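Convert by adding 18 to the 1-based position in the sequence shown; the result is the number in the numbering used here.
All residues carry an ideal CB built from backbone N, CA and C; glycine is no exception.
Keep in mind it's a predicted model, so treat the numbers as computed, not measured.
All remarks here apply to the structure that follows.
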Amino acid sequence: MRRNSQPKSFMPNKTYFVLNGTSAANKVVTNALLTRGDLVLFDRNNHKSNHHGRADSGGATPVYLEASRNPFGFIGGIDAHCFNEEYLRQQIRDVAPEKAELPRPFAWRLFSWEPMTELSITPVR
19 MRRNSQPKSF MPNKTYFVLN GTSAANKVVT NALLTRGDLV LFDRNNHKSN
69 HHGRADSGGA TPVYLEASRN PFGFIGGIDA HCFNEEYLRQ QIRDVAPEKA
119 ELPRPFAWRL FSWEPMTELS ITPVR
């Protein structure tokens, strides 16, 4: 792959290429971002490499989000109420009560507490 073909959408200072496949890439990312004691939002239907990466990172704690199922049992998207701040804080109370009232309890988030017009993809550390 040519060096100058790296994505410009997030204005990266560095770009790393993982050549071992998607599972290896998922583990690289989760190991780089998560440490023991971190809370991470998880869809139960995540690829198992994400679960392995979370566990390998030293034990980040998952906060599982509910997904819908159709009458045939196929898993759909994450239910909308799962992105409500109070719902998430209750989920945190169940797994890590000491972090439930922190202003930014998650190590990484792909959403904002604000309306979805202000999507956050930055680490909260």
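Helix, strand or coil: how does DSSP classify A50 here? To locate residue 50, count along the sequence shown from 1; it is residue 32. Helix.
Could you check the C-alpha separation between N44 and S67 for me, to the nearest Å? Start at 1 with the first residue of the sequence shown, and residue 44 comes out as number 26. Start at 1 with the first residue of the sequence shown, and residue 67 comes out as number 49. Straight-line Cα distance between these residues: approximately 6 Å.
Mind checking A125: buried by the 16 CB within 10 Å criterion, or exposed? Within the sequence shown, numbered from 1, the residue matching residue 125 stands at position 107. Within a 10 Å sphere around the beta-carbon of A125 sit 16 or more other beta-carbons, which makes this residue buried.
Less than 7 Å between C-beta atoms, sequence neighbours within five positions excluded: which residues of the same chain meet that for N49? Your numbering for residue 49 matches position 31 in the sequence shown. Closer than 7 Å at Cβ, skipping near neighbours: G71, D74 and S75.
By the three-class DSSP mapping on this structure, what secondary structure does V81 have? In the sequence shown, the residue the question calls residue 81 occupies position 63. The answer is strand: DSSP assigns V81 an E or B state.
In three-state DSSP terms, what is K32? Taking the first residue of the sequence shown as position 1, residue 32 is located at position 14. Coil at K32, not helix or strand.
What are the boundary residues of the beta strand (DSSP E) that G95 is part of? Indexing the sequence shown from 1 puts residue 95 at position 77. It spans I93 to I96 - the beta strand (DSSP E) in which G95 sits, taken as one unbroken run.
Tell me, please, whether the stretch 85-92 touches the stretch 111-122 by the rule of three or more beta-carbon pairs shorter than 8 Å. These segments do not touch.
Nearest to V58 by CA position, among Y34, V46, L83 and G94, is which residue? The count along the sequence shown starts at 1 and reaches residue 58 at position 40. Checked all of Y34, V46, L83 and G94; the closest Cα to V58 is L83.
Delimiting residues of the beta strand (DSSP E) encompassing D61: In the sequence shown, counting from the first residue as 1, residue 61 sits at position 43. L57 to D61 is the extent of the beta strand (DSSP E) around D61.
Whose C-beta lies closer than 7 Å to the C-beta of I93 among residues of the same chain, with five residues either side of it excluded? The residue you call residue 93 lines up with position 75 of the sequence shown. Taking C-beta separations shorter than 7 Å and ignoring five residues to either side along the sequence, the partners of I93 in its chain run N63, A85 and R87, following chain order.
Using the C-alpha atoms, what's the distance from T40 back to L52? Here residue 52 is taken as the residue at index 34 of the sequence shown, counted from 1. Here residue 40 is taken as the residue at index 22 of the sequence shown, counted from 1. Cα to Cα, L52 sits roughly 18 Å from T40.
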